[in-house]
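Undergrad:
Numbering (our numbering), first residue to last: 209 to 468.
1) Assuming residue 271 contacts residue 296 (C-beta within less than 8 Å), just tell me the rounded distance between them.
2) Nearest-angstrom Cα distance between residue 448 and residue 294?
3) According to DSSP, what are the bridge partners of residue 283?
4) Return the Cβ separation of residue 431 and residue 257 in integer angstroms, given the expectation that the two are a contact with Cβ distance under 8 Å.
5) For the beta strand (DSSP E) that residue 315 lies in, which residues bound it at each end?
6) Determine, using beta-carbon pairs with one atom in the stretch 213 to 232 and one in the stretch 390 to 397, whether at least three such pairs fall under 8 Å.
7) Can residue 251 and residue 409 be called in contact, C-beta distance under 8 Å?
8) List in chain order: all unbroken beta strand (DSSP E) runs of 3+ residues lying wholly within the stretch 382 to 449.
9) Helix or strand or just coil, what does DSSP make of residue 222?
10) Counting C-beta neighbours from all protein chains within 10 Å, is the total for residue 390 16 or more, i.e. buried, or is it exposed?
11) What distance in whole Å lies between the Cβ atoms of residue 302 and residue 386, which are believed to be in contact at a cut-off of 8 Å?
12) Which same chain residues, not among the five before or five after residue 239, have their C-beta less than 8 Å away from its C-beta?
13) State the beta-bridge partners of residue 379 as determined by DSSP.
14) Under the DSSP definition of a beta bridge, which residues are partnered with residue 246?
15) Give the DSSP-derived three-state secondary structure of residue 350 in the structure shown.
16) If you run the structure through DSSP and keep just helix, strand and coil, what is residue 253?
17) Tell me, please, which residues DSSP counts as bridged to residue 278.
18) From residue 241 to residue 414, what distance separates their C-alpha atoms?
19) Which two residues bound the contiguous alpha helix (DSSP H) that contains residue 330?
20) Between the C-alpha atoms of residue 456 and residue 405, what's the straight-line distance to the nearest angstrom?
21) Please report how far the alpha carbon of residue 284 lies from the alpha carbon of residue 315, in whole angstroms.
22) Label residue 442 either buried or exposed according to how many other C-beta atoms from any shown protein chain fall within 10 Å of its C-beta, with 16 as the threshold for buried.
Structure follows, in structure tokens:
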């Protein structure tokens, strides 16, 4: 009997019911409709789609920032519960810009543990130091404030903050957006090394299909709240079947421009 996948999403839906005082009722907005997929341990799934396709809503549902309207999320074969909140971590868009400039690196990285009241202050500090070292920042930098780090180092700080919770799944929501080619390559190499060392699984959310295709084993394409195509990365890139997939590939190629 095959092992249960790390994460199984079944027929997930999310509808927002918009109500406003003294105005006519607004029609409900369907953000997710029947989304299903699985994620194996130590694997990478890219979820791509245009703005408004539902991919960020999916990320918030998986990390329990949003409550799905229907369907189920199974983590290690059991319904996802608040007790597993630290097991799935989300790195938001523009993570480097989200860091409090007045916080030290230690305060930034420890924050998820402080919120969940996990461990002692000494234990949290040691876990923060280890997480920093995993991302290539020495523990001697724990006392530096966020604004003292370079843009690339702040990107690593955001990753360390997610890693300190020792998650089994890390979701990166447009985390490569706005990075130059060199920095994006460095972060991609770091994520690959971390996956090999820790066995962590990734969900990479992006509007740029070619940007994440090299990191992902599988790609799911979303459009209007549903997954319209899901295939191994190489297959999807070489033989796209859905019109939305072809449009995303064309848009990525156009952005890259002609090669020398």
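By construction, the Cβ of each residue, glycine as well, lies at the ideal position given by its N, Cα and C atoms.
TA: On the basis of the coordinates in this document:
1) With a beta-carbon spacing of about 5 Å, residue 271 and residue 296 fall inside the 8 Å limit used to define contacts.
2) The alpha-carbon atoms of residue 448 and residue 294 are separated by roughly 35 Å.
3) DSSP, once it has assigned bridges, lists 215, 286 as partnering residue 283.
4) Rounded, the Cβ-Cβ distance is 6 Å, consistent with contact.
5) For residue 315, no beta strand (DSSP E) run applies; the uninterrupted alpha helix (DSSP H) run containing it begins and ends at 313 to 323, by DSSP.
6) Under the 8 Å Cβ criterion, the stretch 213 to 232 does not count as touching the stretch 390 to 397, having fewer than three qualifying pairs.
7) Between residue 251 and residue 409, the C-beta gap is smaller than 8 Å, which places the two residues in contact.
8) Whole beta strand (DSSP E) segments, 3+ residues: 409 to 414, 426 to 431, 434 to 440.
9) Strand, per DSSP.
10) By the neighbour-count criterion, in which 16 or more other beta carbons inside 10 Å mark a residue as buried, residue 390 falls on the exposed side.
11) Confirmed, Cβ separation roughly 7 Å.
12) Around residue 239: 222, 223, 224, 262, 265, 433.
13) In the DSSP assignment, the residues bridged to residue 379 are 298, 411.
14) Its beta-bridge partners are 216.
15) In the structure shown, residue 350 adopts coil according to DSSP, grouped into three states.
16) Secondary structure at residue 253: strand, using DSSP grouped into helix, strand and coil.
17) In the DSSP output, where bridge partners are listed per residue, residue 278 has 221.
18) Per the coordinates, the alpha-carbon of residue 241 lies some 19 Å from the alpha-carbon of residue 414.
19) Per DSSP, residue 330 belongs to the alpha helix (DSSP H) from 329 to 342.
20) Rounded to whole angstroms, residue 456 to residue 405 spans 32 Å at the Cα level.
21) Distance from the CA atom of residue 284 to the CA atom of residue 315, rounded to whole angstroms, is 31 Å.
22) Residue 442 is exposed by the Cβ-count criterion.
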